[in-house]
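Chemist: Got a structure for you, written out below as structure tokens; questions coming shortly.
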Amino acid sequence: MRQPNLYRQRDADTVNPMNWTLSHRADVDALPLADRHYNRQKIGSPQFVPPGRCVVLKQDAALWVTSWPFPEYVKHAWPGAWINSMFRNESTGIASDMIREAIAATRAEWSDIPDLGMVTFIDPKKVRARMVHGRQTWGHCYFAAGFVHVGYTKDGLWAMQLTPDRMPAPVKAFVSAPLFDEPPHPAAAFASTDGVSSTAGRIGA
């Protein structure tokens, strides 16, 4: 059963200011944050992003990953969608605003938005619930950012979705240094070992 949306719906808007900086899948400065994320499979592994295309963003005490797996490698019910495979926030920033900024930065890197928008998966066994209007709710910051609960995976993860019409306008993230190029071919992209579950999209802040 889908959970009712108890939050004010957020329409498309422009985020301001932008606080994220572009990073990469093997950023040693971001590695400690990645290691503290609950879906990390190999603590200390030099790569912390699922195989495939990605946008990695960082700021002080926060890390975000948008993955874009090729549909033929996806086993869940939202093939082709962008996946927020990691969000770790140890800062004092408002998580829902940080999410909106990260989506705006993702749009600036990838102009073609999938029809299914973005999804993320929440493990209720690993994330603390929050009481909202008398109901136990997981993924509070995602609801507040405009995501909607759309179902469950076979493993019981909560599936949250943000459709393209509700996304913020694209805004470029900062660039602090030259970044690694992404692998040019799906086979090359999927040849790496990263230490994040290939189910991907499990989040937690």
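Its first residue numbered 1163, the sequence shown is counted upward by one per residue in our numbering.
Beta carbons are placed, not taken as given, at the ideal position from N, Cα and C, and that holds for glycine.
Check the DSSP bridge columns for Gln-1298 and list the partner residues they point to.
Modeler: Translated into positions along the sequence shown, residue 1298 becomes position 136. Beta-bridge pairing links Gln-1298 to Met-1293.
Chemist: Please list the terminal residues of the continuous beta strand (DSSP E) segment that includes Ala-1239.
Modeler: Start at 1 with the first residue of the sequence shown, and residue 1239 comes out as number 77. For Ala-1239, no beta strand (DSSP E) run applies, since DSSP gives it neither H nor E.
Chemist: Which residues does DSSP list as the beta-bridge partners of Ser-1229?
Modeler: Locating residue 1229 in the sequence shown gives position 67, where the first residue counts as 1. Cys-1216, Ile-1245.
Chemist: Considering Cα atoms alone, identify which of Pro-1332, Arg-1187, Cys-1216, Gln-1323 is closest to Pro-1208.
Modeler: Counting from one through the sequence shown, the residue named residue 1208 turns up at place 46. It is Arg-1187 whose Cα lies nearest to the Cα of Pro-1208.
Chemist: With DSSP as the reference, please indicate the residues paired to Trp-1320 in a beta bridge.
Modeler: As a working note, residue 1320 is residue 158 in the sequence shown. Trp-1320 pairs with Ile-1284, Tyr-1314.
Chemist: Check for me: the alpha helix (DSSP H) holding Ser-1258 runs from which residue to which?
Modeler: On the sequence shown, position 96 is the one that residue 1258 refers to. Run containing Ser-1258: 1257-1271, per the alpha helix (DSSP H) assignment.
Chemist: So, is Met-1293 buried or exposed, given that buried needs 16 or more other C-beta atoms within 10 angstroms?
Modeler: Your numbering for residue 1293 matches position 131 in the sequence shown. Met-1293 comes out exposed.
Chemist: Nearest to Arg-1250 by alpha carbon, out of Met-1329, Trp-1182, His-1199?
Modeler: Here residue 1250 refers to the residue found at position 88 of the sequence shown. For the residues Met-1329, Trp-1182, His-1199, the minimum Cα distance to Arg-1250 belongs to His-1199.
Chemist: Any heavy atom of the ligand GTP closer than 7 Å to the beta-carbon of Met-1260?
Modeler: Of the ligands one can find in the structure shown there are none, so the ligand GTP has no counterpart to examine.
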